[in-house]
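Trainee: Below are the structure tokens for one structure; questions will follow.
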Amino acid sequence: MQSLQFGWLSQNIGMLLHGALTTILLTVAACAAGSLIGIAVGLCRQRGNLVLRTVGATYVEAIRNTPLLVQAFIVYFGLSSVGFRLDPLSAALLALVVNCGAYSAEIFRAGFQSIQPAQHQAAESLALSKFQAFVYVILPQALRNIWVPLSGQFVLIMLASSIVSQISAEELTAFANQIQSSTFRSFEVYIVLAVMYLALSILLKTLLSRMAYVLFPEQRVLRRSQRRARRGVR
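Per full-length UniProt numbering, the sequence shown starts with residue 1, numbered consecutively.
Listed below in structure tokens is the structure:
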């Protein structure tokens, strides 16, 4: 039985860190753009006319019921076959944005549906325009209600970004595959890769949790009251 060897790590750690940075940037860009698409599609599905609801539902169902790998192949190979050539990273980002948009659309739609009609009426009583009412009244409350599932979706997008290595996008998994090919230490390389993805997931979850703490002040009050209640019980 061969012993585990990690001597290759010192020579390739820079490559892995570069790949991790690329993965982080892909995730941030995909989640930001995907959230904007999700908000738009979620609104279309909830409050749009028949045409908008049909288009939104078709987009969501098409993306949610096909593999991300196939979507990446369509973007990278399919678009190039009809004259739209994208480099691997651009194609990877586009595929992730489209995928994130479809999944987050359903999350945002649920968030919009959770807002009580009285909130809309209150916004109207303040003489706010529909846009102002959405930005200042509806969206903040919807975000608070869906932050946990939306955060989970962002983590899933980060993990799913490993798939784009199949279209030669140089992110963390792609660099790990290159190291494995040159060192032939498959088990050790993928152990390190798994640990790095675990660390990235924990980091992303922590950052999103802190964002919620900042964005939703009432959560801080609730947590303080819960801590005081626990101390009182003890």
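Think of the CB as a built atom: it goes at the ideal place given N, C-alpha and C, for glycine as much as any other residue.
Just mark residue 1 as buried or exposed, buried being the case when its beta carbon has 16 or more other beta carbons within 10 Å.
Mentor: Position 1 of the sequence shown, counting from 1, holds the residue named residue 1. Below a pLDDT of 50, predicted positions are generally treated as unreliable, and residue 1, at 47, falls in that range; no measurement from the model is reported.
Trainee: Mapping DSSP to helix, strand and coil, what is residue 172?
Mentor: Taking the sequence shown and counting its residues from 1, one reaches residue 172 at position 172. Looking at residue 172 - three-state DSSP - the assignment turns out to be helix.
Trainee: Report yes if the CB atom of residue 4 is closer than 7 Å to the CB atom of residue 188, and no otherwise.
Mentor: As a first step, residue 4 must be located in the sequence shown, where it is residue number 4. As a first step, residue 188 must be located in the sequence shown, where it is residue number 188. Yes; because the gap between Cβ atoms is below 7 Å, this pair is in contact.
Trainee: On a Cα-Cα basis, can you pick out the residue from 38, 216, 66, 157 that is closest to residue 200?
Mentor: By one-based count along the sequence shown, residue 200 stands at place 200. If we check each option's Cα against that of residue 200, 157 comes out closest.
Trainee: Would residue 171 pass as a contact of residue 54 if the rule is Cβ separation under 7 Å?
Mentor: In the sequence shown, the residue the question calls residue 171 occupies position 171. In the sequence shown, the residue the question calls residue 54 occupies position 54. For residue 171 and residue 54, no; Cβs fall outside 7 Å.
Trainee: Would you call the CB atoms of residue 194 and residue 147 closer than 7 Å?
Mentor: Counting from one through the sequence shown, the residue named residue 194 turns up at place 194. Counting from one through the sequence shown, the residue named residue 147 turns up at place 147. No. Outside cutoff.
Trainee: Within 10 angstroms of the Cβ of residue 153, are there 16 or more other Cβ atoms? Answer buried if so, exposed if not.
Mentor: Taking the sequence shown and counting its residues from 1, one reaches residue 153 at position 153. Buried, by the Cβ-count rule.
Trainee: According to DSSP, simplified to helix, strand and coil, what is residue 8?
Mentor: As a working mapping, residue 8 is identified with position 8 in the sequence shown. Coil at residue 8, not helix or strand.
Trainee: Which value, in whole angstroms, describes the spacing of the CA atoms of residue 34 and residue 174?
Mentor: On the sequence shown, residue 34 is found 34 positions in, with the first residue counted as 1. On the sequence shown, residue 174 is found 174 positions in, with the first residue counted as 1. Using only the alpha carbons, I get a separation of about 23 Å.
Trainee: How close, in whole Å, do the beta carbons of residue 62 and residue 95 come, if the pair is a contact with beta carbons under 8 Å?
Mentor: Start at 1 with the first residue of the sequence shown, and residue 62 comes out as number 62. Start at 1 with the first residue of the sequence shown, and residue 95 comes out as number 95. About 13 Å separates the two Cβ atoms, so there is no contact after all.
Trainee: Evaluate the contact criterion for the stretch 111-123 versus the stretch 83-102: three or more CB pairs, one atom per stretch, below 8 Å.
Mentor: no
Trainee: Return yes when the Cβ of residue 109 is within less than 7 Å of the Cβ of residue 47, no when it is not.
Mentor: Indexing the sequence shown from 1 puts residue 47 at position 47. Indexing the sequence shown from 1 puts residue 109 at position 109. For residue 47 and residue 109, no; Cβs fall outside 7 Å.
Trainee: Is it true that the CB of residue 75 sits closer than 7 Å to the CB of residue 56?
Mentor: Here the question's residue 56 lines up with position 56 in the sequence shown. Here the question's residue 75 lines up with position 75 in the sequence shown. Going by C-beta atoms, residue 56 is not nearer than 7 Å to residue 75.
Trainee: Hey, which unbroken runs of the beta strand (DSSP E) at 3 residues or more fall wholly within the stretch 146-209?
Mentor: Runs found: none.
Trainee: Residue 88 and residue 138: beta carbons closer than 7 Å?
Mentor: Sequence index remark: in the sequence shown, residue 88 carries index 88 (1-based). Sequence index remark: in the sequence shown, residue 138 carries index 138 (1-based). Not closer than 7 Å, so no.
Trainee: I'd like to check one pair, residue 132 with residue 115: are the Cβ atoms closer than 7 Å?
Mentor: Reading the sequence shown from its first residue, position 115 is the one you call residue 115. Reading the sequence shown from its first residue, position 132 is the one you call residue 132. No, Cβ-Cβ distance for residue 115 and residue 132 is not below 7 Å.
Trainee: Quick test of your reading: residue 38 and residue 107, contact by CB under 8 Å. State the CB separation rounded to the nearest angstrom.
Mentor: Sequence index remark: in the sequence shown, residue 38 carries index 38 (1-based). Sequence index remark: in the sequence shown, residue 107 carries index 107 (1-based). Confirmed, Cβ separation roughly 7 Å.
Trainee: Going along the chain, which residues of its own chain have a beta-carbon closer than 7 Å to the beta-carbon of residue 197, five neighbours each way excluded?
Mentor: The count along the sequence shown starts at 1 and reaches residue 197 at position 197. Taken in chain order, the residues that qualify are 159.
Trainee: Helix, strand or coil for residue 85 per DSSP?
Mentor: Within the sequence shown, numbered from 1, the residue matching residue 85 stands at position 85. Looking at residue 85 - three-state DSSP - the assignment turns out to be coil, as it is neither helix nor strand.
Trainee: Do you know whose CA, among 164, 178, 25, 151, lies nearest residue 91's CA?
Mentor: Stepping through the sequence shown from its first residue, residue 91 is reached at position 91. Closest by alpha carbon: 164.
Trainee: Does residue 179 pass the burial test, meaning 16 or more other C-beta atoms within 10 Å, or should it be called exposed?
Mentor: The count along the sequence shown starts at 1 and reaches residue 179 at position 179. Label assigned to residue 179: buried.
Trainee: Tell me where the alpha helix (DSSP H) around residue 125 begins and ends.
Mentor: To locate residue 125, count along the sequence shown from 1; it is residue 125. It spans 117-125 - the alpha helix (DSSP H) in which residue 125 sits, taken as one unbroken run.
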